[in-house]
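Please read the structure below before turning to the comments.
Number of protein chains: 2
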Amino acid sequence: MGLVEIFALARVPSILLLGAVYGAYVLTGGVVFWKLEGNLGREDISAILARKQQVLKTYQCLNSDGMDAVIAVLQDASKAGLSIKGNQTSDGFWKFTSSAVFAATVVTTIGYGNISPKTAAGQIFCVFFALFGIPLNIVVLNRVGKYMLTIERNICDFLQGKTTHPRCSRFLVHLVSYLSGVVLFFVVPMVVFQGHEGWSYSQAIYYCFITLSTIGFGDYVADSNPEQAYPEWYSFIMASWIFFGLAWLALVINHTIDILERLHGFLNGWWRRRSGV
Amino acid sequence: MGLVEIFALARVPSILLLGAVYGAYVLTGGVVFWKLEGNLGREDISAILARKQQVLKTYQCLNSDGMDAVIAVLQDASKAGLSIKGNQTSDGFWKFTSSAVFAATVVTTIGYGNISPKTAAGQIFCVFFALFGIPLNIVVLNRVGKYMLTIERNICDFLQGKTTHPRCSRFLVHLVSYLSGVVLFFVVPMVVFQGHEGWSYSQAIYYCFITLSTIGFGDYVADSNPEQAYPEWYSFIMASWIFFGLAWLALVINHTIDILERLHGFLNGWWRRRSGV
Ligand SMILES: [K+]
Ligand SMILES: [K+]
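Just so you know, the sequences run in chain order A and B.
According to this note's numbering, the first sequence is numbered sequentially starting from 1.
According to this note's numbering, the second sequence is numbered sequentially starting from 278.
Right, here's the structure in full:
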C-alpha cells in the first residue's frame, strides 16, 4: 500500500472541485460586501473625523491626550458592560438573568458576544461548559425537530383518511407547515422587534436570521437595550422563539443539505457518464 | 385519530426529561458565570467610575455634555471600524481582505461581529448569502471530515497488515490521531497566538475553542489588531487552521453526540425494564 492509497488521492479531484466552488462563493461574497459597505464606510469616516474636530474645538482644554484618556475610560467601560453616558450608573452585565441568557448563547453557539467572560476562571469554565453543552443542545434540538416532524406526519395521515387526493393533501400539508414556520419564526418576530426595539423592518429580519442561523454577530441584540422598557412576557417569548426557531431552522438547513448532496451526486454521475469513466 | 395521536403525546415525557436536563444545565452555567464574573464586574465598575471623575477633574472645561459628545463620536467611530485614538486615520474595516474574512465568518456561522454590515442592502445580501453559504459550508466540511477519516482508516489497514496485534494497533491509531488533532488545532495555535497577539495562554486557548466551536464572541479576534505587525504567512495559516479545525471539531462533536444518544437510549431501556413497561 503506497502513499496514494493511504491519503486516498483518488478522491481528491472531487474534493478539489467542491473546494473551488466554496472558495469562489466566499470570495464573491467578500467582493459584494466590500462594494456595498466600503462606500458608506468612507463617507462615515470623514463625517466622524469632522465631528471629532468639532468636539476638540468646542472644548478647548481637551487636547489630544485628553481625548485618548476619555476613549480609554469608555473602552474599558464598554468591556465591563457599563454605560457611562449621562449620569446613570448602570449595574454592569452580570446579573443572574443576563448570565443565564449568556449561558444559552454559549450552548446554542449563537455567541452574540455583547457580554463575554473576562476572568481566566470564567474563560476556562466557558470552554468546558461549551464542550458538553453544545452536543447536549444539538441532541435536544434534534429531538424537538423530530417531534415537530412527527406532528406534521400525523396531521398528514389524519387528512389522508378524509380525502380522495392523498398526494395533493400531503404536498399541501408540507407547504402549509413550511409557510407557517416562516410566519411564526420570521414574520411575527420581525413585527414584534420592529415595535419594541426601535429597529427598521430590514434590521429586524436581519436580526432574526442572524440569530436563528447561529451566526450571532451581536450588532443587534433583542431585550438588551438599557434605554428601552420591555413588557413582562418579553424575555419568555424571546427564549421560546430562539429555542423552537433553532429546531425549525435546523430542519430546513438539513433539507437544503440533502438537496445539495443529491445535486452533487447527480452532477458527479452525469460527469462520469459524459467522460465515459 | 384524536389530539393525543396527532401531537404524539405518548413521546412527551421523554422529551420533557431531556428538556429538564437541558434547562438545569443552562441555569447552572448561568449561576457559575454570574458568580465568577459578577464580583470582578463590581470592582471594575467602581474603578472605571473613579477614572471618569479623574478625567473630568483634569480637563475642567469638559462638562457632562462634553463627555457625552466625545462618547457619541467614539461609539459611531467604532461602529464604522475606525480607530480615532491618537492622530492615526485608519481606513475603516471594509477592505477586500477583511470583507473576504467577514464572508468566511458568515458561512462558517462563527460570526465574530467585530465588523458587520450597516447598510440595508448589505444586511439583506448577508441573509441570502448565508442562506446558501451555510449549507454549502456544512457539505464541504463534512466531506473534508470524511476524507480525514478515510486517511485514518487507511493508516489502520496499512498497520494491521504489519502487526500481530490488530485490535491494539487500531486503538493506538485512534488515540494518536485524536491527540495529534488536539496538538495541531489547539496546542500549536495557542503558542502562535500567545506570541503574535499578546494574549495570555488561557486567553489563547479560550480564543481557539470559541472560534472552532463556531461560538465566535468576537471579544478576541486574531489577525485584526491594528497595533500589531503580523508576518506574511499569518492570514494564510489562520484560514487553514479554521478550515481544517472546524472539520476536525465537527467530527469530535459528532462522536460526542453519538455517545450522548447511546447513553440516552441505554438509560431509557434501563428505565423501561425497571418500571416493567
Ligand atoms: K457570534
Ligand atoms: K456564532
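Just so you know, even glycine gets a beta-carbon here, dropped at the ideal spot from N, CA and C.
Any C-beta of chain B under 8 Å from that of residue i
i              : result
M67 (chain A)  : yes
F236 (chain A) : no
Q123 (chain A) : yes
C293 (chain A) : Residue 293 (chain A) is absent from the structure shown; chain A starts at 1 and stops at 277.
F209 (chain A) : yes
W94 (chain A)  : yes
R262 (chain A) : no
P135 (chain A) : yes
I242 (chain A) : no
F217 (chain A) : yes
N154 (chain A) : yes
Y230 (chain A) : no
T256 (chain A) : yes
Nearest to residue i (by Cα), restricted to the options the options
i              : options                           : result
N154 (chain A) : A:L212, A:V173, A:L16 and A:P189  : A:V173
T69 (chain A)  : B:V350, B:Y336 and B:I322         : For the sequence presented, residue 69 (chain A) should be read as Ala rather than Thr. For the residues B:V350, B:Y336 and B:I322, the minimum Cα distance to A69 (chain A) belongs to B:Y336.
I237 (chain A) : A:Q203, A:W199 and A:V192         : A:V192
Q278 (chain A) : A:H255, A:Q203 and A:G198         : In the structure as shown, chain A starts at 1 and stops at 277, and residue 278 (chain A) therefore has no counterpart that could be examined.
T119 (chain A) : B:K372, B:D321 and B:S446         : B:D321
Y484 (chain B) : A:Q203, A:G122, A:L74 and A:G269  : A:G122
H473 (chain B) : B:V453, B:V464, B:F463 and B:A499 : B:A499
A301 (chain B) : A:L184, A:Q54, A:A50 and A:N137   : A:N137
I259 (chain A) : B:P412, B:I325 and B:L537         : B:P412
R539 (chain B) : A:S98, A:I48 and A:V139           : A:V139
R170 (chain A) : A:S180, A:L179 and A:E152         : A:E152
G422 (chain B) : B:A481, B:A527 and B:W311         : B:A527
K372 (chain B) : B:W311, B:R550, B:S501 and B:R551 : B:S501
A239 (chain A) : A:Q75, A:A103, A:N63 and A:I15    : A:A103
T374 (chain B) : A:G29, A:L56, A:R273 and A:T150   : A:G29
K57 (chain A)  : B:K334, B:C445 and B:C338         : B:C338
D65 (chain A)  : B:G343, B:V459, B:V332 and B:R551 : B:V332
Y507 (chain B) : B:G458, B:Q471, B:H541 and B:I482 : B:Q471
Cβ of residue i within 8 Å of any chain A Cβ
i              : result
W525 (chain B) : no
E474 (chain B) : no
Y302 (chain B) : yes
W311 (chain B) : yes
F462 (chain B) : no
V404 (chain B) : yes
D500 (chain B) : no
E504 (chain B) : no
R328 (chain B) : yes
P394 (chain B) : yes
S479 (chain B) : yes
A297 (chain B) : no
S490 (chain B) : yes
S454 (chain B) : no
T386 (chain B) : yes
L544 (chain B) : no
G307 (chain B) : yes
S376 (chain B) : yes
Presumed contact (8 Å Cβ cut-off) between residue i and residue j, rounded CB distance
i              : j              : result
G113 (chain A) : G296 (chain B) : With 8 Å as the limit, G113 (chain A) and G296 (chain B) do not qualify as a contact, their Cβ atoms being about 26 Å apart.
F402 (chain B) : V32 (chain A)  : 6 Å
V303 (chain B) : A100 (chain A) : 6 Å
F462 (chain B) : W518 (chain B) : 7 Å
V350 (chain B) : I48 (chain A)  : 6 Å
M190 (chain A) : Y178 (chain A) : Wrong, their Cβ atoms sit about 17 Å apart, outside the cutoff.
P394 (chain B) : E37 (chain A)  : 6 Å
Y424 (chain B) : I15 (chain A)  : 6 Å
Where the alpha helix (DSSP H) containing residue i begins and where it ends
i              : result
G218 (chain A) : Element bounds for G218 (chain A): n/a, residue is neither H nor E.
Q123 (chain A) : A120 to Q160
P189 (chain A) : V188 to E197
L461 (chain B) : No alpha helix (DSSP H) holds L461 (chain B); DSSP gives it neither H nor E.
D535 (chain B) : Y511 to S552
S202 (chain A) : Y201 to L212
A103 (chain A) : F96 to V107
* To do: Pair every Cβ in the stretch 517–526 of chain B with every Cβ in the stretch 477–490 of chain B, then say whether three or more of these pairs are closer than 8 Å.
  => yes
* Touch test, the stretch 491–502 of chain B against the stretch 378–390 of chain B, Cβ-Cβ under 8 Å, three pairs minimum -> yes
* Are at least three pairs of beta-carbons, each pair with one atom in the stretch 402–418 of chain B and one in the stretch 371–386 of chain B, less than 8 Å apart? -> yes
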